[in-house]
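Enquirer: Residue numbering for the sequence shown follows the numbering used here, beginning at 222 and increasing consecutively. Cβ coordinates follow ideal geometry from the N, Cα and C atoms, glycine included.
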Amino acid sequence: MRNSRNAGFSLVELLVVITIIGVLIALLLPAVQAAREAARRLRCRNNLKQLGLALHNYAENYSALPPGAIVSRVYRSSGTANYDPWPEAVSDAPGMHGTSWMLQILPFIEQTALFDRWDFRRSVLGNRAAAETDVAMFYCPTRRSGVRPEDRQIMFPKRAPGDSFVGWTAGGNDYAGCIGAQNSFANPTMSSVKRPFCGPTYVYRTDMRGVFTPNLATRFNEIADGLSNTIAVGEVPRCQWSGEAPNDYWGPCHTSIDGWAAAGANTLFDTAAADTTNDVGQLGGFNNDYFESAGSDHADGAHFTMADGSVHFISDRIDQTVYARLGSMADGQIAQLP
Numbered sequence: 222m223r224n225s226r227n228a229g230f231s232l233v234e235l236l237v238v239i240t241i242i243g244v245l246i247a248l249l250l251p252a253v254q255a256a257r258e259a260a261r262r263l264r265c266r267n268n269l270k271q272l273g274l275a276l277h278n279y280a281e282n283y284s285a286l287p288p289g290a291i292v293s294r295v296y297r298s299s300g301t302a303n304y305d306p307w308p309e310a311v312s313d314a315p316g317m318h319g320t321s322w323m324l325q326i327l328p329f330i331e332q333t334a335l336f337d338r339w340d341f342r343r344s345v346l347g348n349r350a351a352a353e354t355d356v357a358m359f360y361c362p363t364r365r366s367g368v369r370p371e372d373r374q375i376m377f378p379k380r381a382p383g384d385s386f387v388g389w390t391a392g393g394n395d396y397a398g399c400i401g402a403q404n405s406f407a408n409p410t411m412s413s414v415k416r417p418f419c420g421p422t423y424v425y426r427t428d429m430r431g432v433f434t435p436n437l438a439t440r441f442n443e444i445a446d447g448l449s450n451t452i453a454v455g456e457v458p459r460c461q462w463s464g465e466a467p468n469d470y471w472g473p474c475h476t477s478i479d480g481w482a483a484a485g486a487n488t489l490f491d492t493a494a495a496d497t498t499n500d501v502g503q504l505g506g507f508n509n510d511y512f513e514s515a516g517s518d519h520a521d522g523a524h525f526t527m528a529d530g531s532v533h534f535i536s537d538r539i540d541q542t543v544y545a546r547l548g549s550m551a552d553g554q555i556a557q558l559p
C-alpha cells in the first residue's frame with residue numbers, strides 16, 4: 222500500500238512567496254508610476270503644442286494674436302496700465318465682456334461648436350452654459366481631468382463682501398498666457414499680493430509687456446526680442462484654499478484662479494523676478510505660492526510654449542532674471558532658454 226499525502230504549501234512557504242511578490246511590487250511600482258507620469262507629461266506637452274499651433278493659425282487669419290483680455294476700458298498713464306475685468310465678467314448689463322484670449326482660439330482647437338454658442342453681447346456670467354464647459358486641451362493630465370471639488374472654491378468667487386457666489390463645476394484651465402515680466406496683478410495700495418484679488422484694478426507696466434495684453438492684439442513683428450526667446454503660454458498652478466471663509470473677498474482666494482473663459486489671473490500670468498526684499502516675500506517667480514505665477518504639478522518645473530510655437534520644459538531653478546526676461550517681448554533685454 223502506497224503512502225500518500227496531500228500536496229500543498231506550508232505556511233512558511235506561503236509567507237515567502239507573499240514576501241517575494243511584495244518586494245517585486247515595491248520594485249516595479251516606482252517604474253510604473255514614472256512611466257505613467259512620463260505619458261502624462263507627453264500629453265501635457267502636446268496640449269501646449271496644440272495651443273501654440275492654434276495661436277499661429279489665429280494670427281494667420283487675423284494678422285495678430287488674440288488680445289490677452291477684452292474689457293471695456295484700459296487706463297494708461299506714466300508707463301503703467303490699469304484694467305479691471307471682473308465687474309464686466311460678472312455683470313448682467315449688455316455689452317459687457319471680461320473674456321480671455323482662450324475664448325478666441327476655440328475655433329482653432331476644434332471647438333467651433335462651443336465658440337458658436339457664445340453670445341458676445343453678454344458677459345462671461347451671461348454665457349455660463351458655454352463657459353462652464355470642459356475643454357480637454359485646457360487641462361494638464363498630471364493635475365486633473367476636470368474641476369475637482371476643491372477647485373470649486375476658486376471658480377468665480379466673491380468680488381467684494383456681499384457679492385453672490387457662483388460655484389461652477391466645470392470649465393477650468395491649467396494653462397495661461399504671459400502678460401509680461403512684471404508684477405501684473407497687484408494693486409500698489411494692497412499690502413498683500415500673495416493672495417489673488419480683483420479690486421479695484423490690476424496694474425501692469427507697458428514697457429515690460431508680454432505677448433498677451435488686455436485689449437491689444439500683438440503682431441509677431443512686434444516681438445522684437447525674438448519669437449524663440451519669448452514665452453507665450455505656460456502652465457499655471459491652482460490656488461489652494463486654506464480653510465478660511467470660502468470665496469470671501471478677504472479670504473485666501475480673492476478672485477478666480479480657475480476658468481478658461483474669464484479674463485484676469487486665471488488666464489494670464491507674469492514672469493516677475495523673485496523679490497525677497499519686501500514684507501510680502503516673492504512677487505511672481507515660478508512654482509511658488511503666488512497666484513500670478515507660472516507653475517505645475519510636474520516635478521522640478523513646467524512646460525512653456527514660446528512665441529514661435531516650440532514647447533520647452535523649464536526648470537523652476539532657472540535664474541530668476543533670465544526667467545523674467547523671457548516673459549517680456551520687446552524690452553531689449555534678450556534672454557535665451559538655458
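(1) Specify the secondary structure class of Q554 as computed by DSSP and reduced to three states.
(2) What separation, rounded to the nearest whole angstrom, lies between the Cα atoms of L547 and D491?
(3) Where L437 and Y283 are concerned, what is the direct C-alpha to C-alpha distance, given to the nearest angstrom?
(4) Would V368 and W389 be called neighbours here (beta carbons separated by less than 8 Å)?
(5) From the DSSP output, in three-state form, read off E258 for me.
(6) DSSP state of A483, grouped into three classes?
(7) Classify S344: buried if its beta carbon has 16 or more other beta carbons within 10 angstroms, exposed otherwise.
(8) Whole angstroms is fine: what's the gap from G278's alpha carbon to C265's?
(9) From G516 to V457, what distance separates their C-alpha atoms?
(10) In chain order, what residues of the same chain lie with their CB nearer than 7 Å to the CB of L274, ignoring the 5 residues before and after it?
(11) Could you tell me if N232 is buried or exposed, where buried requires 16 or more neighbouring beta carbons within 10 angstroms of its beta carbon?
(12) Over the uninterrupted beta strand (DSSP E) stretch that includes Y396, give me the two end residues.
(13) Pull up the distance between the alpha-carbon of A350 and that of R297, whole angstroms please.
(14) By DSSP, does V457 sit in helix, in strand, or in coil?
(15) How big is the Cα-Cα spacing for G319 and T542?
(16) Assign N268 to one of two classes, buried (16 or more other C-beta atoms within 10 Å of its C-beta) or exposed (fewer than that).
(17) Of the choices G480, I239, P435, A256, whose alpha-carbon is the least far from that of A391?
Expert: Let's see:
(1) Counting from one through the sequence shown, the residue named residue 554 turns up at place 333. Here Q554 sits in coil by DSSP.
(2) Counted from its first residue, the sequence shown places residue 547 at position 326. Counted from its first residue, the sequence shown places residue 491 at position 270. Taking the straight line from one Cα to the other gives about 10 Å.
(3) Stepping through the sequence shown from its first residue, residue 437 is reached at position 216. Stepping through the sequence shown from its first residue, residue 283 is reached at position 62. Taking the straight line joining both Cα atoms gives about 13 Å.
(4) Looking up residue 368 in the sequence shown gives position 147. Looking up residue 389 in the sequence shown gives position 168. Yes, the Cβ-Cβ distance between V368 and W389 is below 8 Å.
(5) Taking the first residue of the sequence shown as position 1, residue 258 is located at position 37. Residue state, collapsed to three classes: helix.
(6) Taking the first residue of the sequence shown as position 1, residue 483 is located at position 262. If DSSP states are grouped into helix, strand and coil, A483 belongs with the strands.
(7) To locate residue 344, count along the sequence shown from 1; it is residue 123. Residue environment: S344 is assigned as buried (16 or more neighbouring CB atoms within 10 Å of its CB, all protein chains considered).
(8) As a first step, residue 278 must be located in the sequence shown, where it is residue number 57. As a first step, residue 265 must be located in the sequence shown, where it is residue number 44. Per the sequence presented here, residue 278 reads as Asn, with Gly not at that position. Spanning the two alpha carbons is a distance of roughly 20 Å.
(9) Against the sequence shown, residue 516 aligns to sequence position 295. Against the sequence shown, residue 457 aligns to sequence position 236. Going by the C-alpha atoms only, they are around 5 Å apart.
(10) Walking along the sequence shown from the start, residue 274 turns up at place 53. For L274, where only same-chain residues beyond five positions count, the Cβ hits under 7 Å are G530.
(11) One-based indexing of the sequence shown puts residue 232 at position 11. In the sequence on display, residue 232 carries Leu and not Asn. The residue is exposed, with fewer than 16 neighbouring Cβ atoms inside 10 Å.
(12) In the sequence shown, the residue the question calls residue 396 occupies position 175. Per DSSP, Y396 belongs to the beta strand (DSSP E) from 396 to 401.
(13) One-based indexing of the sequence shown puts residue 350 at position 129. One-based indexing of the sequence shown puts residue 297 at position 76. C-alpha separation (whole angstroms): 34 Å.
(14) Mapped onto the sequence shown, residue 457 falls at position 236. Looking at V457 - three-state DSSP - the assignment turns out to be coil, as it is neither helix nor strand.
(15) Start at 1 with the first residue of the sequence shown, and residue 319 comes out as number 98. Start at 1 with the first residue of the sequence shown, and residue 542 comes out as number 321. Rounded to the nearest whole angstrom, the C-alpha separation of G319 and T542 is 31 Å.
(16) What you label residue 268 is simply residue 47 of the sequence shown in a count that begins at 1. With a 10 Å radius around the Cβ and a threshold of 16 neighbouring Cβ atoms, N268 comes out buried.
(17) Position 170 of the sequence shown, counted from the start, is the residue given in the question as residue 391. Nearest of G480, I239, P435, A256 to A391, Cα basis: G480.
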